[in-house]
Amino acid sequence: MAHKVCLIRGDGTGPELVSAVETVFRAANVAIDWVEVEAGLACVEAGKPIVPDETIEKIREVGIGLKAPMTTPIGKGSVSPNVTLRKRLDLYACVRPVFSLPGVETPFKNLDIVIFRENTEDLYAQIEYMATETVAHSVKVISESGCEKIIRAAFEYARKNGRKKVVGVHKANIMKVADGLFLRTFKRISEEYPDIESWDNIVDNQCMQLVTKWSIYDVLVTLNLYGDIVSDLAAGMMGGLGVAPGANFGTNCAVFEAVHGSAPKYTGMNKVNPTALLLSGTLMLDHLGETKARADIEGALKATLMKGVKTYDLGGSATTSGFAEAICSELKG
Amino acid sequence: MMSLHGVDVYLNTSEFPNLPQEVGSFSLIFVASRGTRMKPGATDIAWPQCRYFSETEVTDQDIENLVAKINAAGFQWTKCQKLFKIDGVNAFSQPY
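Protein chains in written order, with the numbering used here: chain A, 1247 to 1579; chain B, 112 to 207.
Written out as structure tokens, the structure reads:
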């Protein structure tokens, strides 16, 4: 039976990337019943919210979604569609795996780290005030329940996936109250997982160690702002945002997404790398229990890259659709 | 120039607070948790942010009276943040 999945085609190059994923999924014989839902610039232009209530409700009902990049309009009162989805659906865990891909040359050999970023609080609560005419005040909200959910998710993931180490990343030496709450919660929960080695790192030290000792790291768990920065740093170590997948999990809902932007200047040029959205799609297949399809597609992707078929961002000349077709050829081969 | 128009009252509760909708010239605009609007019956609420706002300018005394009413209704507030307009423009963020 086909899996029902909500689909947001996105803005800019998003629809081209979705077409590439659909092409590869068909070649892998994955049966998906796509439920198209609207969000993004077209909604704004039609006078609707950037993520309409109907879209939120449909994703909540179906329980799973795949989202192509969307554009946040610039201007007063505009909101991020990505943050809207995370907050309205309470997708508290942003999971960002980074790993070496064959044929994608980087200085970071044998990279294999999964980053768990808290997704709903911290400075991303976006509670801000002008306290005086010349002083701005942004509220950093950290709750014990928010910390507990993301930390437990990281340890559970480690246990389920045979990962051996979980590191909590914070700045509790400076923010002794807010990050101190995260650190205390991390230490308390880590005691429930004696089979997993754990320790904590201060975020600046963690960034330095990521680029000097990346091979000792396995699973990282951190707060929202640090997670945003560290996960993009790690994406760069993997080869760039064009290849880095992402997933967002809540209690009853999950949305999978490429974390890069919609690259509007390349719209319609059939040029952008679909790997990030495709790998986000294979994370989704794993979530759906389609582990063979995930392995098949990721194997075909790696074989394609090994043959030197690459898009412009990786130094190649393949088009978006041409790259997808090359992966399909590997799947059929 | 700054003008005072309201207050965000943060409460010590993990439940959706049943607060008065109108107090003097103030209206309860929303209850939010961690920057996200909550609906009555919502669970997993942490430190709700309750925004009372008036389009007309208010005084410190108006805000003190409002907060006293919330207190008298049995809610413990832990933080209040005044809401200003600067040159007629709202100088604070909105929740999702």
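Beta carbons are placed, not taken as given, at the ideal position from N, Cα and C, and that holds for glycine.
From the beta-carbon of ILE1373/A, the residues of chain B found nearer than 9 Å are ASP119, ALA143, ARG145, GLY146, GLN160, GLN192, PHE203, SER204 and PRO206. For VAL1344/A, the closest alpha carbon among the candidates LYS1410/A, THR1259/A and LEU1529/A is that of LEU1529/A. Note on GLN1372/A: 16 or more other CB atoms within 10 angstroms of its CB, so buried under the neighbour-count rule. When only Cα atoms are considered, LYS1386/A and ASN1516/A end up about 41 Å apart.
Secondary structure note for ASN1494/A: its beta strand (DSSP E) is the uninterrupted segment 1491 to 1495. If only complete runs of 3 or more residues are kept, the region 1376 to 1416 of chain A shows the beta strand (DSSP E) at 1382 to 1387 and 1411 to 1416, in order along the chain. The beta-bridge partner set that DSSP reports for GLY1311/A consists of CYS1252/A and VAL1501/A.
For GLU1367/A, the residues of chain B that pass the 7 Å Cβ criterion are ARG145, in the order they occur in the chain. By the criterion of at least three beta-carbon pairs nearer than 8 Å, the region 133 to 153 of chain B is not in contact with the region 1553 to 1565 of chain A. In this model, GLY117/B and MET1376/A are separated by some 13 Å (Cα to Cα). Residue-level contact by beta carbon fails for SER1346/A and chain B, as no gap is shorter than 9 Å. Under a criterion of Cβ atoms nearer than 9 Å, no residue of chain B is adjacent to SER1324/A; the nearest Cβ is some 11 Å distant. Shown here, HIS116/B sits in a strand according to DSSP, grouped into three states.
Counted as a single uninterrupted DSSP element, the alpha helix (DSSP H) harbouring PRO1327/A occupies residues 1327 to 1334.
In the displayed model, ASP1441/A falls within coil according to three-state DSSP, outside both helix and strand. Contact note: ASP155/B reaches chain A through ASP1336 and SER1391, using a C-beta cutoff of 8 Å and chain order. For VAL1387/A, the neighbours in chain B by C-beta distance under 8 Å run, in chain order, ARG145, GLY146, ALA157 and TRP158. Burial is judged here by how many other beta carbons sit within 10 angstroms of a residue's own beta carbon; GLU1282/A has fewer than 16 and is exposed. Residues of the region 1425 to 1445 of chain A with a C-beta atom less than 9 Å from some C-beta of chain B do not occur. DSSP, read as helix, strand or coil, puts ILE1296/A in coil. A distance below 6 Å between beta-carbons, with the five flanking residues on each side excluded, links SER1444/A to the following residues of its chain, in chain order: VAL1412 and SER1436. Listed along chain A are TYR1375, MET1376, ALA1377, THR1378 and GLU1379, each with a C-beta nearer than 9 Å to that of PHE195/B. Rounded to whole angstroms, THR1537/A and CYS1289/A show a C-alpha spacing of 35 Å.
In this structure, the straight-line span from the alpha carbon of GLN1455/A to that of LEU1479/A is close to 12 Å. Within 10 angstroms of the beta-carbon of SER1461/A lie fewer than 16 other beta-carbons, which makes it exposed.
For the C-beta of MET113/B, the chain A residues within less than 9 Å are, from N- to C-terminus, MET1376, THR1378 and GLU1379.
Not a single CB atom of chain B sits nearer than 9 Å to the CB of HIS1416/A.
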